[in-house]
Amino acid sequence: MTAVGLDHLGKVFDDGTVAVNDLSLDIADGELVVLLGPSGCGKSTVLRLVAGLEAPTTGHVRFGGQIVDRLPTRDRNVAMVFQHYALYPHLTVAQNIGFPLRSAPGVAELVANAAARLGLTDVLDRRPAQLSGGERQLVAMARALVRQPRVFLLDEPLAHLDAGLRAELRGEVAATARRVGVTTLYVTHDQAEALSVADRVAVLRDGVLQQVGTPAEVYDDPATVFVAAFLGTPR
Ligand code: ADP
Ligand code: MG
937 MTAVGLDHLG KVFDDGTVAV NDLSLDIADG ELVVLLGPSG CGKSTVLRLV AGLEAPTTGH
997 VRFGGQIVDR LPTRDRNVAM VFQHYALYPH LTVAQNIGFP LRSAPGVAEL VANAAARLGL
1057 TDVLDRRPAQ LSGGERQLVA MARALVRQPR VFLLDEPLAH LDAGLRAELR GEVAATARRV
1117 GVTTLYVTHD QAEALSVADR VAVLRDGVLQ QVGTPAEVYD DPATVFVAAF LGTPR
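So the sequence shown is residues 937 to 1171, counted in the working numbering.
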């Protein structure tokens, strides 16, 4: 079953910048697809189109079988995590994770579950200043997942962390998304990160999709010279 479909999606900004150009991609239920490409290639714009934060110039976004172009962000049930997540400094980890739920019934249990999934059970009473950078990012992810979103969108979630932590956390992120079974679109410009977390990698250049395939397929059998060069170049 297709969870998220992009049909000939295009985005041209008012200043004439073509950020996304005729992009078609189907993401299966529970699949983790990584959008990989250099800075400025349109990755964040694709996420914003899926979230409904931008409207497509051409084409459509589908959730399930349904075109959602007119559906506002708040009704799309997507969760987004950015590089520069903002936790509430005066709230505990538990309060941060539970914040999107306000005072819905069963908050404590939902928070406990989300925290357990991300290994945060022991730090629930701390405040963000008492956490490492990696732990803070995990709290941001727990907060995003606590509402059980239909689609999980991650925009360079590890880009601000040092290399060691990044390598450690990418396994954590992928394992969490799989355990939760949530359909995930994960953006990065880091080749190693993409290859290690993805079910499938979608390589983007100047708004144009170059290739979609499993990590082994894009690495071993690149479709274009660009894909070969980009995947072959350590950052
Ligand atoms: P990435 O996330 O891959 O770095 P973006 O999706 O942020 O790329 O940007 C793709 C292109 O669109 C870039 O050339 C960027 O400068 C441009 N762009 C992004 N947002 C806007 C905007 N609001 N107005 C005009 N151009 C934009
Ligand atoms: Mg970006």
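By construction, the Cβ of each residue, glycine as well, lies at the ideal position given by its N, Cα and C atoms.
Treat the numbers as computed from the prediction; the structure is a model and nothing was measured.
The three-state secondary structure of Leu942, taken from DSSP, is strand. Under the three-state reduction of DSSP output, Met1077 falls in the helix class. With respect to the 8 Å criterion, Ala1110 and Val1017 are not classified as neighbours on the basis of their beta carbons. Its chain contains Val1139, Val1154, Ala1159 and Val1163 as the residues whose beta carbon lies nearer than 6 Å to that of Gln1147, once the 5 sequence neighbours on both sides are disregarded; these appear in chain order. Using a Cβ-Cβ distance cut-off of 8 Å, the stretch 1068-1082 and the stretch 1091-1100 are in contact, since at least three pairs of beta carbons, one from each stretch, lie closer than that value. The secondary-structure analysis by DSSP pairs Lys947 across a beta bridge with Val956. Just so you know, the alpha carbons of Pro974 and Leu1060 end up roughly 36 Å apart. Going by DSSP, Asp1156 is part of no beta strand (DSSP E) but of the alpha helix (DSSP H) stretching over Pro1151 to Asp1156.
When DSSP states are grouped into helix, strand and coil, Thr1112 belongs to the helix group. Here the stretch 1039-1051 does not lie against the stretch 983-1002, with fewer than 3 beta-carbon pairs under 8 Å apart. The stretch 974-985 and the stretch 1049-1064 do not touch, with fewer than 3 CB-CB distances between them shorter than 8 Å. Between the ligand ADP and Phe1162, a heavy atom-to-CB distance of less than 7 Å is absent. By the C-beta criterion, the stretch 1024-1041 is judged not to be in contact with the stretch 1097-1116, since fewer than 3 inter-stretch pairs fall below 8 Å. Burial check for Pro1151: the Cβ neighbour count within 10 Å reaches 16 or more, so the residue is buried. In this structure, the beta-carbon distance from Val997 to Ala1130 does not fall below 8 Å. Between Ala1050 and Ala1078 a beta carbon distance of about 4 Å is seen, short of the 8 Å cut, so the two are scored as contacting. The beta carbon of Glu1071 sits no closer than 7 Å to any heavy atom of the ligand MG. In the structure shown, Gly1107 adopts helical secondary structure according to DSSP, grouped into three states.
Taking all protein chains shown into account, Phe1166 has 16 or more neighbouring C-beta atoms within 10 Å of its C-beta and is therefore buried. Taking a contact as a CB-CB distance under 8 Å, the pair Leu1145 and Leu1027 does not count as one, their CB atoms being some 40 Å apart.
For the pair of segments examined, the stretch 950-968 was found not to touch the stretch 1002-1021: the number of CB pairs separated by less than 8 Å stays below three. With contacts defined as CB atoms closer than 8 Å, Val1116 and Leu1081 qualify as a contacting pair. According to the DSSP secondary-structure assignment, Thr1120 is paired through a beta bridge with Leu968 and Phe1088.
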